[in-house]
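Line by line, the protein sequences give chains C and L. In terms of this note's numbering, the first sequence has 119 at position 123, counting the first letter as 1, and numbering is strictly consecutive. Heads up: take any position in the second sequence, counting from 1, add 49, and you land on this note's numbering. In what follows, a structure is listed as structure tokens, so that the remarks can point back to it.
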Amino acid sequence: MTTIEGKVWKFGDNVDTDVIVPGKYLIGDIEEIAEHVMEGIRPGFADLVQPGDVLVGGKNFGTGSSREVAPRAIQAAGISAIVAESFARIFFRNCINVGFVPLECSTAGAIEEGQHLHIDTDTGVVTVSETGVTHQALRLPTEIGEILEAGGLEPFLKQRIGGRT
Amino acid sequence: MGMTLAEKIIARAGGRDEVRPDDVLWVEVDVAMTHDSSGPRRFWPALKELGVGIWDPDKLVIVADHYVPAADVGSARILQTTREFVEEYGISRFHEAEGISHTLMVEKAYVRPGMMYVGGDSHSLTAGVLGCFAIGVGSTDMLGIVATGRTWLRVPRTIRVQIDHELSAGVTAKDLILSIIGDQGMDGGLYRVLEFGGEAISGMDIEERSVLTNMCAEIGAKSGIVPADSTTVSYLAERGVDVPEGPFSDDDAGFEATWSYDAAAVVPVVARPHKHDDVIPAAAAGEAWLTRAYIGACTGAKYRDLAMAAEVLAGRKVASGVLLQVAPASRAALRQAMENGVAQTLMDAGAHILSTGCGACPGIGTGVLGPGEVCISTTSRNARGRMGSPDSEVWLGSPYSVAAAAVAGRVIDPRELLAVPA
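What follows is the structure, encoded as structure tokens:
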């Protein structure tokens, strides 16, 4: 069983990749980009995050461009998981590909900033430590679970290359 | 029950007789595209580490459009890496500074009806205008495709978007898609494929239709598709590609829903800063004074877009205090505009013509906005900081609306200048 525990940073609906990683930073490497993560919506965010913290979003989290550095930068800033009411589809794929579990919980709107979450990534059960309230994330299909188990698409390809994926 | 067009293409690419919504399967990709920003610079090191070559150099298109022309040494390095990759793997379909990838995929007929097409960019679904299943992915997904030619898909539900009657004079495909996004919200089509049909679609040329598939990205859709009709067949024939009409959805296919709109009721609209689903009639924009007007991107700088702007700008001048910039979506679009006087009209009105490429749209190329600037743009997105400073504002509108606003100095209904009834 894989568990994640961390403090919540709460964001609203339709958080765009242009505010997660503004285009002007795309030229740099991931550590540099991570220093500016969420800058378009909450300047200084990277300095506030403690390793292991959890990000909670509303609907359509990660909408916008295909830039994979968006989930990578959130990950590199120290965030351990993203829980959202729904995800934009490319952002969702990018999370899986970089080995970062996207937890889609239709009830995530009830989670508050500053609360602490206990997440069981195997069952998708997200528990608010302060209140004991639980939220059930959508279970991922087996085909996608295999990629996450490998740690992302790149390690998955390493395992499978030469045979049929 | 039959299948929708998208389901048929996915089933064929997955080697199955049929698929249903929410099935997850691996598919063979017919053609893939990647560009300078999300392409070789991101996945080449991992490809080397995998120790394999690329699946098929003839099925991969590479376009340098985000960092052209190089404005600094970092950009120049990205372009060099892109060229080195092309050289190493013998990619023949490589285009640098020749146009925006999504525009070129259509203009050069690199996709065909019925194909499974994956591009390494969120606006890749533009190509669905030619009746293929087109999706956008990120760079590690593209690594998998470049290495194996395969990717996984979850079969999306299909929504039929039925557009009856015809658009009025001065009203464009951009106004139609912005109106739909305003109505459905920016996640209104999440994970869906939108299949367009109806009298208004039949009456549009390929460039106008491509504005609809392009901006399916802005409604959360996985793909947008226009089944190939006689207009598609003629467009492809002009490019040396001989195909029949179709494929089409079955009569008894399972559509999740039908969105019906009356094209005749659509008016010129704009999206207010900083949400592209905050859509209002251009006539209701109030005192929206501007410093910049931008005609650019795969969404709004094809030949037809430039021609629309010229229709408004002929014999007029851009207002004092406004800088009008035009970044053509391809060299072919600029060439056509030069050959028939459209480019001359734009320049006579005071437009600054920029290089072809993604330009200021993603806040990467030339022409980005400074703090306090207010811009109206033919592009597709206006999230805070998208085109430059987080303290700038971007309105989105049609080429008519952007040109009219450039002349008036503020957002207006372009029909005021087009001498057509509002």
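Idealized CB from N, CA, C, for every residue including glycine. The structure presented is a predicted model; accordingly, all values stated were derived computationally and were not measured.
Along the alpha helix (DSSP H) that carries residue i, what are the first and last residues, could you check?
i: Ser188 (chain L); result: Ser188 to Thr197
i: Ile70 (chain C); result: Val65 to Ala72
i: Cys347 (chain L); result: Ala346 to Gly349
i: Lys55 (chain C); result: Run containing Lys55 (chain C): none; DSSP gives neither H nor E here.
i: Met396 (chain L); result: Val391 to Asp397
i: Ile16 (chain C); result: Thr13 to Ile16
i: Val78 (chain L); result: Element bounds for Val78 (chain L): n/a, residue is neither H nor E.
i: Val328 (chain L); result: Unbroken run through Val328 (chain L) is the beta strand (DSSP E), Val328 to Pro330; no alpha helix (DSSP H).
i: Val336 (chain L); result: Looking at the sequence itself, residue 336 (chain L) is Glu, so the reference to Val does not match. Looking at the DSSP string, Glu336 (chain L) is not in any alpha helix (DSSP H), and its letter there is neither H nor E.
i: Ala320 (chain L); result: Looking at the DSSP string, Ala320 (chain L) is not in any alpha helix (DSSP H); the run it does join, the beta strand (DSSP E), is Val318 to Ala320.
Cutting at 7 Å between CB atoms, please list the residues of its own chain near residue i, excluding the five before and the five after it.
i: Asn10 (chain C); result: Lys55, Asn56 and Thr59
i: Leu192 (chain L); result: Phe92, Ala95 and Leu96
i: Gly458 (chain L); result: Trp338, Leu339, Ala368, Gly370 and Val371
i: Glu100 (chain C); result: Ala80, Ser82, Phe83, Ala133 and Leu134
i: Asp327 (chain L); result: Ala320 and Arg321
i: Asp354 (chain L); result: Ile344, Thr427 and Pro448
Quick one: grab the DSSP three-state call for residue i.
i: Met154 (chain L); result: helix
i: Gly177 (chain L); result: helix
i: Glu67 (chain L); result: coil
i: Tyr138 (chain L); result: helix
i: Ala378 (chain L); result: coil
i: Glu150 (chain C); result: helix
i: Thr161 (chain C); result: Because Thr161 (chain C) sits at a pLDDT of 43, beneath the cut-off of 50, its placement in the model cannot be relied upon, and the following sentence gives the value as read from the coordinates. Three-state result, Thr161 (chain C): coil.
i: Phe297 (chain L); result: coil
i: Tyr240 (chain L); result: coil
i: Phe7 (chain C); result: coil
i: Cys43 (chain L); result: This structure leaves residue 43 (chain L) out entirely; chain L is present only between 50 and 471.
i: Gly185 (chain L); result: strand
i: Asp43 (chain C); result: helix
i: Arg435 (chain L); result: coil
i: Tyr116 (chain L); result: coil
i: Arg459 (chain L); result: strand
Which residues in chain C have a C-beta closer than 8 Å to the C-beta of residue i? List them in chain order.
i: Gly189 (chain L); result: It should be pointed out that residue 189 (chain L) corresponds to Thr in this sequence rather than to Gly. Those within 8 Å of Thr189 (chain L) in chain C are Glu64, Asn90, Asn93, Val94, Gly148, Leu149 and Glu150.
i: Arg321 (chain L); result: Under the 8 Å cutoff, chain C gives no residues; its nearest Cβ is about 14 Å from Arg321 (chain L).
i: Lys108 (chain L); result: None at all; the shortest Cβ gap to chain C is about 17 Å.
i: Lys271 (chain L); result: Arg85
Leaving out five residues on either side along the sequence, give the residues of the same chain with a beta carbon under 6 Å from the beta carbon of residue i.
i: Thr161 (chain C); result: Caution is warranted here: a pLDDT of 43 is assigned to Thr161 (chain C), below 50, making its placement in the model unreliable, and the coordinate value is therefore given only provisionally. No residues qualify anywhere along the chain.
i: Gly159 (chain C); result: At Gly159 (chain C), the pLDDT of 47 sits below 50, so the modelled position is not reliable; the number obtained from the coordinates is stated separately. The answer is none, since no qualifying residue turns up.
i: Gly437 (chain L); result: Gly412, Val417 and Leu418
i: Glu145 (chain L); result: Ala113
i: Leu467 (chain L); result: Gly219
i: Leu373 (chain L); result: Ala342, Val367, Ala400 and Ala455
i: Leu225 (chain L); result: Val315
i: Lys6 (chain C); result: Val52 and Glu109
Starting from residue i, trace the beta strand (DSSP E) in both directions and tell me its first and last residue.
i: Arg171 (chain C); result: Outside the displayed span of chain C (-3 to 161) sits residue 171 (chain C), for which this structure offers no information.
i: Ala306 (chain L); result: Ala306 to Asp311
i: Gln211 (chain L); result: Thr207 to Asp213
i: Glu100 (chain C); result: Pro98 to Glu100
Figure out for me which residue from the options has the closest Cα to the Cα of residue i.
i: Asp190 (chain L); options: L:Trp93, L:Met164 and L:Tyr240; result: L:Trp93
i: Arg203 (chain L); options: L:Lys271, L:Arg258, L:Asp291 and L:Pro293; result: L:Lys271
i: Ile184 (chain L); options: L:Met264, L:Val282, L:Gly390 and L:Ala454; result: L:Met264
i: Pro70 (chain L); options: L:Ala409, L:Trp338, L:Asp440 and L:Val242; result: L:Val242
i: Thr152 (chain L); options: L:Asp121, L:Ala400, L:Tyr352 and L:Ile250; result: L:Tyr352
i: Thr281 (chain L); options: L:Glu256, L:Pro106 and L:Ala386; result: L:Glu256
i: Ala313 (chain L); options: L:Arg65, L:Cys410 and L:Ile250; result: L:Ile250
i: Ile127 (chain L); options: L:Glu136, L:Glu137 and L:Tyr116; result: L:Tyr116
i: Ala196 (chain L); options: C:Glu150, C:Asp116 and C:Ala42; result: C:Glu150
i: Ala306 (chain L); options: L:Glu388, L:Pro205, L:Ala334 and L:Val361; result: L:Pro205
i: Ile78 (chain C); options: C:Pro67, C:Ile86 and C:Arg85; result: C:Pro67
i: Val160 (chain L); options: L:Ala332, L:Arg199 and L:Lys108; result: L:Lys108
i: Ala346 (chain L); options: L:His323, L:Val73 and L:Arg380; result: L:Arg380
i: Ala222 (chain L); options: L:Ile59, L:Ile208, L:Val178 and L:Glu156; result: L:Val178
i: Val101 (chain L); options: L:Gly231, L:Ile194 and L:Pro162; result: L:Ile194
i: Ile26 (chain C); options: C:Ala42, C:Val65 and C:Arg156; result: C:Val65
i: Arg433 (chain L); options: C:Ile0, C:Lys3, C:Asp14 and C:Gly40; result: C:Asp14
Using the beta-carbon of each residue, which ones in chain C are nearer than 9 Å to residue i?
i: Ile413 (chain L); result: Gly19, Lys20, Leu22 and Ile23
i: Pro293 (chain L); result: Neighbours of Pro293 (chain L) on chain C: none; closest Cβ ~31 Å, over 9 Å.
Can you pull the chain L neighbours of residue i, defined as C-beta to C-beta under 8 Å?
i: Thr103 (chain C); result: Within chain L, no residue comes near Thr103 (chain C); the closest Cβ sits about 17 Å away, beyond 8 Å.
i: Leu51 (chain C); result: Here the premise fails: no neighbours, minimum Cβ distance about 18 Å.
If the cut is a Cβ gap below 7 Å, which residues of chain L does residue i touch?
i: Pro137 (chain C); result: Val73
i: Val15 (chain C); result: Ala432, Arg433 and Gly434
i: Asp12 (chain C); result: Ala432
i: Lys55 (chain C); result: Asp236
Quick one: what's got a C-beta closer than 8 Å to residue i's C-beta in the same chain, skipping five residues either side?
i: Ala120 (chain L); result: Gly414 and Thr415
i: Ser87 (chain L); result: Gly169, Asp170, Gly187, Ser188 and Met191
For residue i, which residues in chain L fall below 9 Å Cβ to Cβ?
i: Ser82 (chain C); result: Asp236, Leu239, Tyr240 and Gly269
i: Ile140 (chain C); result: Val73, Trp201 and Arg203
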